[in-house]
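Trainee: Reminder that position 821 of the sequence shown reads as 821 in full-length UniProt numbering, one-by-one numbering, no gaps.
Before anything else, here's the structure in question.
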Amino acid sequence: MLLSMDEGDEEDVQWSGNRIANHSISDENAGQSKFSHDKKISSSSSRNDRINEGEVNENKAEDRKKKSILLGDIQSKCNDSMEKSDSSGKRVQDQSLKSLLRESTKLKRKADSNKKKAVERGKKLKVAAITSLEPALQKVFLMETKKSIQEMETIRIRLGMDGCLAVDANDRSGGLAMVWRKTADVTVTSYSRYHIDTEIMLRGSKWRFIGFYGHPKANERHQSRSLLRQLESRSQLSWLCIGDLNEILFANEKEGGVDRREIQMQAFRETCSDCALQDMGFIGPKYTWWNNREPEVFIRCRLDRALCTKRWREIFPRASVFNEFIGSSDHLAQRLDLFHIRKVRWRRRFHFEEAWLLDEECTKVIGDSLSSRVKIWKKKEEIQEMHLTGINLQNLEQSQAELNDLNREEEVMWRQHSQIKWLRDGDKNTKFFHQRAKERRRKNTIWALKKEDDAWRESQEELLQEASNFFSHLFTSSNPTMEDAELLSTIKPKVTSEMNGQLNEEITKEESAFVQGWQLADNVIVAQEIIHSLHNKRLGKVGNFALKPDMSKVYDRVEWNCVKGIMRKMGFDGKFLDMIWRCISTVPYSVLINGVPGQSFVPSRGVRQRDPLSPFLFVIMSEALSCLINLSQETNIISGLKICRRGSNITHLLFADDSMIFGKVKRQEIQVLKGIFEKYEAASGQKINKDKSSLLFSRNTPTEERVMASQILGINEAQWGGMYLGGMGFRDTKSFNLAMLAKQGWKLQLQVPTLAYKVLKERYFPTTDFLNAPIGSNPSYLWRSIRESQQLIRKGAIWRVGDGQSISVLNDVWIPYESPRLLSFPNQLIDEEMKVSELIDQRTMTWNDVKITEIFPPYERELILSIPLSYKRPNDKQVAGSSSCNMMAFWKRIWHLELPRKVILFLWKTLNGILPTRQALIYRSIIFESNCPSCDNELETDFHCLCCCPLARAVWHFSKWGFTNIEVLFSSVQDWIFYIFQMMENEEISKIGCILWALWKVRNLKIFQGKSYEPLQVIELAGNLLEQYRLVKGVRSRRRILQINRTCEWRALVESKLNVDASIFELSSVRRMGAGFIVRNAIGEVELAGVRRMVMGQSVEEAELSALAWSFRCCQRENIMVKEIEMDCKVVVEWIKGRHLSGILGHIVEDCLNMMESITCVDILHCSREGNEVAHMIAKKAKEMREEAIAWFNISQMSEDFQQAIIKEAGSLVGGD
């Protein structure tokens, strides 16, 4: 490793004296080393005890020791002579020195005579320096020297270096050496066969320089990683580690040969992370080692690298590593230049700061000044000074809140600059963000550009000129006025007048990666299956091919006229086309080089990267290529391929900005495909990069046909690699974990109509569903992987009861427990062959309450009666085990509560049942005392501690909600918390969470400090915690804009409207629900209203959906037509509008959709609770009435409170008119 300084640019570094002028190490045996130098051998030997300790065989080392001392004497007197010459300017005449120099000359001659042999050995020498050394050279680190200490001393003298430390080679293998000049203040601290650790004092900064050589054997490379960790723990100094580490960080750092194991690379990455080391990058060739073999087995990779800590990078921000050739070695030399990078002045441009959004007076701030960031910093300093000095103590609390706000603004500002989105409004990591922004700027700096004539441009003006010319040419259209009529003739209209109103065009299955709800992985699955079939096709006269064309600069070459013509032919409205045209054609571009913008220009083609409109425009343009291929298939010119006999023909797949094309290896098909490409390129502006494109053939394709296809298309054949899509641009399916595979398997079970589902069903399960699909013959790795998720899906699936004919009462999962499982306590009355249909009254499609009560215990009875049934008697179906309350949304809501992290973590532990209660500790044999520490009466479980203990019951009774009988209504604290989340808003949930935490807190204080708390003190503790947190975080109690501006009164239409709501209550310690609805005409007159008491379902959404379905049946029975529906449950409204049919309540959603059509309803809307007040009052009446259901046909039949509420809403309507 070469350290150099630009002495013309930096200050001269004064030599403060070498700590070790000359070092030599002899390595007679593995792990044994000896240290000597020109002064005191014993003073250095203590350092030798740190690493690679061992006794030295004095008899074997005696000769080398004498030679080492002689060389040390030579160098010592040379250095003394040089110092005297520098101080006095006189030539020193010393006969003893001359004799020593003569001995040195003899050694030098002997080294010159062996020069040829040394060059041959140099083929394996790993050196981090250049052979022709410059005056600025400070330090050189050599690896695999294969030289003795005497030979290294000779090299040191030839190089004119002042200090040397050498590790002797072992039988002409291995060996390390480090040499340096006197201008570097170097101290050797430790060394071994695999490293040399030194400390350097430079420009007042002291840091570590470690030359490192990784173990050449892979099975012993863990020792190298352990050594790195040991070195990191020995000093607090910033450090640099450089050398041949014999490891790579990522798979793309190796080319050829067998892929490096991911576990091995991951171990190296973890070691770097543990040591806080970051890769410094490089300038020059990427690969630093190659095996000098023939092309078929040629391997090269990046084994040599420089790693440094963040503190070291701050000391030397301009340091760069250069990979340079040194002749016959199979390694590149690495040259580290501490002061190479020239200074580039970045010009700051105006940017919108994301932090401004946190300021409520954003408009005023922007109007006052565009440099608000400076104002933020100044204001921050003023507030900090006020806070520290205690000035204006009355406003100190307000000042602290302002300071917290400004700290958040500064953090968000630096987050935006560093482009890190994963840290949101957390701890004050401004220093972290600032460092990331500086590192990003350093990496984005452009130092030079290479022209087509191989000339380099380095000045700022030349850089701007070259970049502007390049991009101006790139964005200039080649045919700005031409529209290819032949190409457009293949486009079929797809956008109707109704679709233009919603901009919802039909997409082909080949473009399924672009449809909402469909994923890019679907087309990857199809591609994997096709490649698998190609790989295994060995029979047949005609071979198949897969072509992956690589489009060069796909977004930059999009021709506007082509896109506009395609959209017009597809049927897009002219007004919409004009709007799109203005979006893409009115934006000028300018090239930004190192913060300096160049001359602006107006493009005539291309769309912008990261513009949300650009991917859609590119997909529309790709429609032309898809239509050309489809037309050729329809005319039987291109046949495509099948993956099985009964499968469909597949000609092409489209991805985000990529594509794959399939067909038979016939001259006619290949020539037609070439013509399609030429026509598409001419019209769209796209250009195929044939060097990066790949062509893959089935194994039965003859060699002459492969050559023919490659020559016609001008694309090279891809080789079969370790994975089927190796080199084809797709990810290896081994990286898919089981959860990801289960997600794909569940989509197959739901029969989502994608091309992937069609292909896999035709190939593997044509007569059954995914959960019952066999492995099949010669399956692909992808299918075997997806099929492995069958068991996982079965564990999380539950039967949705339709007619009950296919569901076994005992052997199937159909009862909606908290998690999917079989019947808990089977009754002897239940026969092994009994079906769920026997529990249903088939005449009315309701549960047989008498039979269910006779067979099942009360808990299961309530769960069964809560299962909704469809009057249409649909088939039974397996669906996801989670109910309508999406668990992902539930946990997302938990982690986004405005609560201290310790409270959120406590809630997470509680919901997962891992609180360290005495029951849990007894189970783990940690303690043996089981009673509750507060009441000392019952076993302490999480449910008892937080809900059932006398203290907990009193706390909940005195709280604002007045909860009682929690232990009667719920079986666990988890069920109760789930219920709370369904019933309450986040503000109330935050307060309940703090009370739960306070109950656990006082429980711990009782155990460890003997303190007791009253119920009101617990509530006060929770309130203080929440208040202090919000004061510190600056959380303001405010309502959402939607809650302020939403409609708060009932709104009538020209025709009738239905309002529906559900209420949940307790009746005889059992949860029940009430369904209420009211139908009114345009002037507010009641046409029908009703209320019914029902069995409570599993969630609030299920209750609302059941109420809606019952109201529809009542309207059907009375033949009342409704034009519009309003309800205050947004989730149910979204289910109906989105036709959510796949969930556990999908059959009820389907019933509602069918009944909506029967009563001529055209829309369902979400409204506020205030706008649905009458329906809510009617639903609440179910708790107090004796009947199961009541219906009213006019307002006079209703109670007085209902009449007043209806008249009030009708009066507000009249007043509004």
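Note that the Cβ used here is the ideal one computed from N, Cα and C, for glycine as well.
Tell whether a beta-carbon distance below 8 angstroms holds between Ser684 and Cys583.
Mentor: For the purposes of this step, residue 684 is taken as the residue at position 684 of the sequence shown. For the purposes of this step, residue 583 is taken as the residue at position 583 of the sequence shown. In this structure, Cys583 does not lie closer than 8 angstroms to Ser684 by Cβ.
Trainee: For Ile420, which three-state DSSP category applies?
Mentor: Residue numbering aside, residue 420 sits at position 420 when the sequence shown is read from its first letter. Any answer about Ile420 is weak, because its pLDDT of 43 lies below 50 and its placement is not dependable; what the coordinates show is given next. If DSSP states are grouped into helix, strand and coil, Ile420 belongs with coil.
Trainee: Give me, in chain order, the residues of the same chain whose beta-carbon lies closer than 6 angstroms to that of residue 1232; leave out the 5 immediate sequence neighbours on both sides.
Mentor: A question about residue 1232 goes unanswered here, because the residues of the chain that appear run from 1 up to 1217.
Trainee: Taking the beta strand (DSSP E) that residue 1221 falls in, what are its first and last residues?
Mentor: No information on residue 1221 is available, as it lies outside the stretch 1 to 1217 that the chain covers here.
Trainee: Kindly list the residues whose CB is nearer than 7 angstroms to the CB of Ser235, restricted to its own chain and excluding five residues on each side of it in sequence; keep chain order.
Mentor: Along the sequence shown, read from residue 1 onward, the residue named residue 235 stands at position 235. Excluding residues within five positions, the ones whose Cβ falls inside 7 angstroms are Arg208.
Trainee: For Ser1196, count neighbouring Cβ atoms within 10 angstroms of its own Cβ and tell me buried if that reaches 16, exposed if not.
Mentor: The count along the sequence shown starts at 1 and reaches residue 1196 at position 1196. Its Cβ having fewer than 16 others within 10 Å, Ser1196 is exposed.
Trainee: Is it the case that the CB of Ser468 approaches a heavy atom of the ligand HEM more closely than 7 angstroms?
Mentor: Here there are no bound small molecules, and the ligand HEM is not part of this structure.
Trainee: Given a cut-off of 8 angstroms, decide if Ala1205 and Gly1074 are closer than it, judged by their beta-carbon atoms.
Mentor: By 1-based counting over the sequence shown, the position of residue 1074 is 1074. By 1-based counting over the sequence shown, the position of residue 1205 is 1205. Not a contact, by the Cβ cut-off of 8 angstroms.
Trainee: Using 8 angstroms for Cβ pairs, my map puts Glu559 next to Arg605. What's the rounded Cβ distance?
Mentor: Walking along the sequence shown from the start, residue 559 turns up at place 559. Walking along the sequence shown from the start, residue 605 turns up at place 605. That pair is a contact at about 5 angstroms.
Trainee: Can you give me the start and stop residues for the beta strand (DSSP E) that Ser205 sits inside?
Mentor: Residue numbering aside, residue 205 sits at position 205 when the sequence shown is read from its first letter. Ser205 -> beta strand (DSSP E) spans Ser205 to Tyr213.
Trainee: At what residues does the beta strand (DSSP E) containing Ala546 begin and finish?
Mentor: Within the sequence shown, residue 546 is the residue found at index 546, counting from 1. Start and end: Asn544 to Lys548.
Trainee: Is the beta carbon of Ile566 closer than 8 angstroms to that of Ile620?
Mentor: The residue you call residue 620 lines up with position 620 of the sequence shown. The residue you call residue 566 lines up with position 566 of the sequence shown. In contact: Ile620 and Ile566 (Cβ atoms closer than 8 angstroms).
Trainee: Should Glu134 be labelled buried (16 or more other beta-carbon atoms within 10 Å of its own) or exposed?
Mentor: In the sequence shown, counting from the first residue as 1, residue 134 sits at position 134. The predicted position of Glu134 is uncertain, since its pLDDT is 38 and thus under 50; no value can be drawn from it.
Trainee: Give me, in chain order, the residues of the same chain whose beta-carbon lies closer than 8 angstroms to that of Leu1016; leave out the 5 immediate sequence neighbours on both sides.
Mentor: Taking the sequence shown and counting its residues from 1, one reaches residue 1016 at position 1016. Result list for Leu1016: Phe958, in chain order.
Trainee: Please state if the CB of Ile210 and the CB of Leu176 are separated by a distance shorter than 8 angstroms.
Mentor: In the sequence shown, the residue the question calls residue 176 occupies position 176. In the sequence shown, the residue the question calls residue 210 occupies position 210. No; because the gap between Cβ atoms is not below 8 angstroms, this pair is not in contact.
Trainee: Report yes if the C-beta distance between Glu669 and Gly543 is below 8 angstroms; otherwise report no.
Mentor: Start at 1 with the first residue of the sequence shown, and residue 669 comes out as number 669. Start at 1 with the first residue of the sequence shown, and residue 543 comes out as number 543. Cβ atoms of Glu669 and Gly543: not closer than 8 angstroms.
Trainee: Where does Leu939 sit, in a helix, a strand or coil, going by DSSP?
Mentor: What you label residue 939 is simply residue 939 of the sequence shown in a count that begins at 1. Here Leu939 sits in strand by DSSP.
Trainee: Are the CB atoms of Gln460 and Asn594 nearer to each other than 8 angstroms?
Mentor: Position 460 of the sequence shown, counted from the first residue, corresponds to residue 460. Position 594 of the sequence shown, counted from the first residue, corresponds to residue 594. In this structure, Asn594 lies closer than 8 angstroms to Gln460 by Cβ.
Trainee: Under 8 angstroms by Cβ, that's how I've got Cys308 and Met280 pegged, so tell me the actual separation to the nearest angstrom.
Mentor: Within the sequence shown, residue 308 is the residue found at index 308, counting from 1. Within the sequence shown, residue 280 is the residue found at index 280, counting from 1. Rounded, the Cβ-Cβ distance is 6 angstroms, consistent with contact.
Trainee: Less than 8 angstroms between the C-beta atoms of Tyr213 and Asp244, yes or no?
Mentor: Residue 213 sits at position 213 when you count from the first residue of the sequence shown. Residue 244 sits at position 244 when you count from the first residue of the sequence shown. Yes.
Trainee: To the nearest angstrom, report how far apart His195 and Ser329 are at their CA atoms.
Mentor: Residue 195 sits at position 195 when you count from the first residue of the sequence shown. Residue 329 sits at position 329 when you count from the first residue of the sequence shown. So the two alpha carbons sit approximately 21 angstroms from each other.
Trainee: Tell me whether Thr697 sits in a helix, a strand or coil according to DSSP, three-state version.
Mentor: Within the sequence shown, numbered from 1, the residue matching residue 697 stands at position 697. First, the amino acid is wrong: residue 697 is Phe here, not Thr. Strand at Phe697.
Trainee: If you measure between the beta carbons of Asp876 and Val968, is that distance less than 8 angstroms?
Mentor: As a working mapping, residue 876 is identified with position 876 in the sequence shown. As a working mapping, residue 968 is identified with position 968 in the sequence shown. Going by C-beta atoms, Asp876 is not nearer than 8 angstroms to Val968.
Trainee: Decide if Tyr923 is buried, meaning its Cβ has at least 16 other Cβ atoms within 10 Å, or exposed.
Mentor: Along the sequence shown, one-based indexing puts residue 923 at 923. Flag for Tyr923 reads exposed.
Trainee: Report the CB separation of Leu249 from Arg269 in whole angstroms; it is logged as a contact under 8 angstroms.
Mentor: Looking up residue 249 in the sequence shown gives position 249. Looking up residue 269 in the sequence shown gives position 269. Indeed, because the Cβ distance is near 6 angstroms, the residues count as touching under 8 angstroms.
Trainee: Take the Cβ of Phe316 as the centre, count every other Cβ of all protein chains shown within 10 Å, and call the residue buried at 16 or more, exposed below.
Mentor: Taking the sequence shown and counting its residues from 1, the one referred to as residue 316 is at position 316. Its Cβ being crowded by 16 or more others within 10 Å, Phe316 is buried.
Trainee: For Val1132, which residues from the same chain have a beta carbon less than 8 angstroms from its beta carbon, with the 5 sequence-adjacent residues on both sides left out?
Mentor: As a working note, residue 1132 is residue 1132 in the sequence shown. Excluding residues within five positions, the ones whose Cβ falls inside 8 angstroms are Glu1101, Glu1104, Leu1105 and Leu1108.
Trainee: From Leu1153, Pro900, Thr853 and Val1060, pick the residue whose C-alpha is nearest to that of Ala1175; which is it?
Mentor: Numbered from its first residue, the sequence shown carries residue 1175 at position 1175. Looking at the Cα atoms, Val1060 is the closest of the given residues.
Trainee: Looking at the secondary structure, which residues open and close the alpha helix (DSSP H) in which Val186 lies?
Mentor: Position 186 of the sequence shown, counted from the first residue, corresponds to residue 186. From DSSP, Val186 is part of no alpha helix (DSSP H) but of the beta strand (DSSP E) over Asp185 to Ser192.
Trainee: Considering only their Cβ atoms, is the gap separating Val809 from Ile830 smaller than 8 angstroms?
Mentor: Against the sequence shown, residue 830 aligns to sequence position 830. Against the sequence shown, residue 809 aligns to sequence position 809. Yes, the Cβ-Cβ distance between Ile830 and Val809 is below 8 angstroms.
Trainee: Quick one: does Arg699 have its CB under 8 angstroms from some CB of chain B?
Mentor: No chain B is part of this structure, which consists of one protein chain only.
Trainee: Which word fits Pro857, buried or exposed, when buried means at least 16 other C-beta atoms lie within 10 angstroms of its C-beta?
Mentor: The residue given as residue 857 occupies position 857 in the sequence shown. Exposed: under 16 other Cβ atoms inside 10 Å.
Trainee: Can you give me the C-alpha to C-alpha distance between Phe1202 and Cys948, rounded to a whole angstrom?
Mentor: As a first step, residue 1202 is located in the sequence shown; it is residue number 1202 there, counting from the start. As a first step, residue 948 is located in the sequence shown; it is residue number 948 there, counting from the start. Phe1202 and Cys948: Cα-Cα distance of roughly 39 angstroms.
Trainee: In whole angstroms, give me the CA-to-CA distance for Met708 and Arg667.
Mentor: Along the sequence shown, read from residue 1 onward, the residue named residue 708 stands at position 708. Along the sequence shown, read from residue 1 onward, the residue named residue 667 stands at position 667. Roughly 8 angstroms between the two C-alpha positions.
Trainee: I'd like the span of the beta strand (DSSP E) that includes Phe1077, first residue to last.
Mentor: One-based indexing of the sequence shown puts residue 1077 at position 1077. Here the beta strand (DSSP E) through Phe1077 covers Val1070 to Arg1080.
Trainee: Kindly indicate which three-state DSSP category Ile688 falls into: helix, strand or coil?
Mentor: Your numbering for residue 688 matches position 688 in the sequence shown. DSSP places Ile688 in strand when its eight states are reduced to three.
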